[in-house]
Every structure is written in C-alpha cells, then in structure tokens.
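J.: Before we start, here is the structure in question, set down as structure tokens.
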Amino acid sequence: MDLENIKYNEAGLVPAIVQDYETRQVLMMAWMNEEALKMTLDTKKATFYSRSRQALWVKGETSGNTQTVVKVDYDCDGDTLLLQVIPAGPACHTGNTSCFYRSLAVNPETNLGNMEVLTMLYHLIADRKTNPVEGSYTNYLFEKGVDKICKKIGEEAAETIIAAKNNDPDELIYEASDLIYHLLVLLNNQNVDLESLFHELTKRHK
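In terms of UniProt numbering, the sequence shown has 11 at position 11, counting the first letter as 1, and numbering is strictly consecutive.
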C-alpha cells in the first residue's frame, strides 16, 4: 500500500471498514490516524484511534476479541480503508458478531442475502437460549437437551430423504429448511459458533 495515497480528514483521521476475510460479513467501522494504520500494517493486528480517549487502541486488547489483518485496501478516492480480517471473537461490544445487526428496512427479510439469513436465524436461536420465551419451540428443544435435538435432526433428515425420493421440490425445500433449523439449534446447544462452521467450509474449499 502506498501510504501517500491515503487522504485523512481535517482531524487527521480516515474511516476504516472491517470485513471478515472468510465470510465477507461487514463487522464494524472505526477510525484510524496515520500511526494506527502503520501499526496495523506492521503488527497485522487491527489498531484504531479512539476519538473520545484521543489514543490508539488495539481491537481485542482487553476482551481478547482480536482481529488479525489479512489485507488492507483503500477506495478510489483514497479516503476510506477496507480491512479484511480473521476475527478471534465478536466485533461488537454487545456480543454480536457484527456491529451492524440492526436494520431500518421496512421489510428486512427482502433485503437479506443468503448468508445473512442463516446468520440471522442462528442469532435468533441464540437469543432464545439466553432469553427464554414461554411457549417457544426452540426453548422446548433446549430444555429437553442434546438427545431430543439429535432425535429431531434424525427425523428431519429422514423426511428430507423421503422428499427427495418423492421428487417433490417444494416438499424437499420445506424439509431441508426444517433440517437446517434443527442443526442450528444443535450448534447453539453445543456452543459451536457459526463462524467456526464457515471457517471449516472455507478451509475445505481452499
């Protein structure tokens, strides 16, 4: 990277968008000054500038949720950075994978990409685990435990196979969706995060 091409604002800062290198999910936005950028390039650890504290800070320095930088790009005007990172944990202080977990869309379902739908469902299930809702089927599965969840996965897998053998696309889509839902419940129950699954799939693809 030619550092002379980077344009800082009047405060000597440039916005940095952070993206998961493997899933391509946008994780967060923070500010960098020239020193923070140089440190990031030198250490490969995402380092930013805190406007409130007026000091540098390394992402995950206290929480352990560090971000190993794989690549740093800048846009056509040179006034915005894009960091592609391998995160060691959630980017958001709320515990969410990404800081961008809320939507202003009137009908957000129509604006979700395939990966976002899967991630949204996983986190919805995780929220049910943390904040039980009376009458929730998801909470019923968590209460019954791993044996019940695995039994349901076996049943849904069998029904998916039957749908395929019946050569019924609509039935197959419905049963496969049930299978994926129950698999996400199992991952949550066993405390396996979705990013670990994506990492394994990406590793196999490579």
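Heads up, the beta-carbon is just placed ideally off N, CA and C, and yes, glycines get one too.
Opposite residue 212 in the DSSP bridges: which residues?
T.: Past the edges of the chain, shown from 1 to 206, lies residue 212, and the structure says nothing about it.
J.: In the DSSP assignment, find the beta strand (DSSP E) that holds Pro-87 and state where it starts and stops.
T.: Position 87 of the sequence shown, counting from 1, holds the residue named residue 87. Pro-87 -> beta strand (DSSP E) spans 81-87.
J.: Based on the DSSP output, what are the partners of Phe-48 in its beta bridges?
T.: As a working mapping, residue 48 is identified with position 48 in the sequence shown. In DSSP, Phe-48 forms a bridge with Trp-57.
J.: If you run the structure through DSSP and keep just helix, strand and coil, what is Thr-160?
T.: If you number the sequence shown from 1, residue 160 lands on position 160. In the structure shown, Thr-160 sits in a helix (DSSP, three-state: H, G or I).
J.: For Glu-68, list the residues DSSP reports as bridge partners.
T.: Here residue 68 refers to the residue found at position 68 when the sequence shown is read from its first residue. It is worth fixing the name first, because residue 68 is Thr in this sequence and not Glu. Per DSSP, Lys-45, Ile-86.
J.: Of all the options Val-70, Ser-52, Ile-153, Thr-47, which has the alpha carbon lying nearest to the alpha carbon of Lys-59?
T.: Numbered from 1 along the sequence shown, position 59 holds the residue referred to as residue 59. Among Val-70, Ser-52, Ile-153, Thr-47, the Cα nearest to that of Lys-59 belongs to Thr-47.
J.: For the alpha helix (DSSP H) containing Tyr-181, name the first residue and the last one.
T.: Along the sequence shown, one-based indexing puts residue 181 at 181. Note, Tyr-181: alpha helix (DSSP H), 169-189.
J.: Which of helix, strand or coil does DSSP assign to Tyr-74?
T.: One-based indexing of the sequence shown puts residue 74 at position 74. Three-state DSSP puts Tyr-74 in a strand.
J.: Which residues bound the alpha helix (DSSP H) around Lys-7?
T.: On the sequence shown, position 7 is the one that residue 7 refers to. Here Lys-7 belongs to no alpha helix (DSSP H), and DSSP marks it neither H nor E.
J.: Taking just the CA atoms, how far does Ile-173 sit from Ala-164?
T.: Translated into positions along the sequence shown, residue 164 becomes position 164. Translated into positions along the sequence shown, residue 173 becomes position 173. Straight-line Cα distance between these residues: approximately 9 Å.
J.: Can you tell which of Asp-193, Leu-13, Glu-22 has its C-alpha closest to the C-alpha of Arg-204?
T.: Position 204 of the sequence shown, counting from 1, holds the residue named residue 204. The option with the nearest alpha carbon to Arg-204 is Glu-22.
J.: What's the C-alpha gap between Leu-187 and Ala-91?
T.: Taking the first residue of the sequence shown as position 1, residue 187 is located at position 187. Taking the first residue of the sequence shown as position 1, residue 91 is located at position 91. Spanning the two alpha carbons is a distance of roughly 20 Å.
J.: Taking the CB atoms as reference points, tell me whether Leu-83 and Val-69 lie closer together than 8 Å.
T.: By 1-based counting over the sequence shown, the position of residue 83 is 83. By 1-based counting over the sequence shown, the position of residue 69 is 69. Yes, the Cβ-Cβ distance between Leu-83 and Val-69 is below 8 Å.
J.: Starting from Phe-198, follow the alpha helix (DSSP H) in both directions and report where the run begins and ends.
T.: One-based indexing of the sequence shown puts residue 198 at position 198. From DSSP, the alpha helix (DSSP H) with Phe-198 extends over 194-205.
J.: Pull up the CB-CB distance for Ile-153 and Leu-179, whole angstroms please, since I reckon it's below 8 Å.
T.: In the sequence shown, residue 153 corresponds to position 153, counting from 1. In the sequence shown, residue 179 corresponds to position 179, counting from 1. Confirmed, Cβ separation roughly 7 Å.
J.: What does the Cβ neighbour count give for Ser-98, buried or exposed, with the cut at 16 atoms within 10 Å?
T.: What you label residue 98 is simply residue 98 of the sequence shown in a count that begins at 1. When all chains shown are included, Ser-98 counts as buried.
J.: On the premise that Val-185 lies in contact with Ile-125, defined as a C-beta separation below 8 Å, what is that separation, rounded to the nearest angstrom?
T.: Taking the first residue of the sequence shown as 1, we reach residue 125 at position 125. Taking the first residue of the sequence shown as 1, we reach residue 185 at position 185. About 6 Å separates the two Cβ atoms, so the contact holds.
J.: With 16 other CB atoms within 10 Å as the buried threshold, where does Glu-175 fall?
T.: Translated into the one-based positions of the sequence shown, residue 175 becomes position 175. It counts as buried.
J.: Please classify Arg-53 as buried or exposed, where buried requires at least 16 other C-beta atoms within 10 Å of its C-beta.
T.: Within the sequence shown, numbered from 1, the residue matching residue 53 stands at position 53. Label assigned to Arg-53: exposed.
J.: If you check the beta carbons only, do Asp-42 and Pro-87 fall under 8 Å apart?
T.: The residue you call residue 42 lines up with position 42 of the sequence shown. The residue you call residue 87 lines up with position 87 of the sequence shown. No, the Cβ-Cβ distance between Asp-42 and Pro-87 is not below 8 Å.
J.: Give the single residue among Gln-25, Tyr-8, Tyr-181 whose Cα lies nearest to the Cα of Gly-78.
T.: For the purposes of this step, residue 78 is taken as residue 78 along the sequence shown, with counting starting at 1. The shortest Cα separation from Gly-78 among Gln-25, Tyr-8, Tyr-181 belongs to Tyr-8.
J.: Once the 5 residues before and after Glu-35 are set aside, which same chain residues still bring their CB inside 8 Å of it?
T.: Mapped onto the sequence shown, residue 35 falls at position 35. Same-chain partners within the cutoff: Tyr-49, Leu-56.
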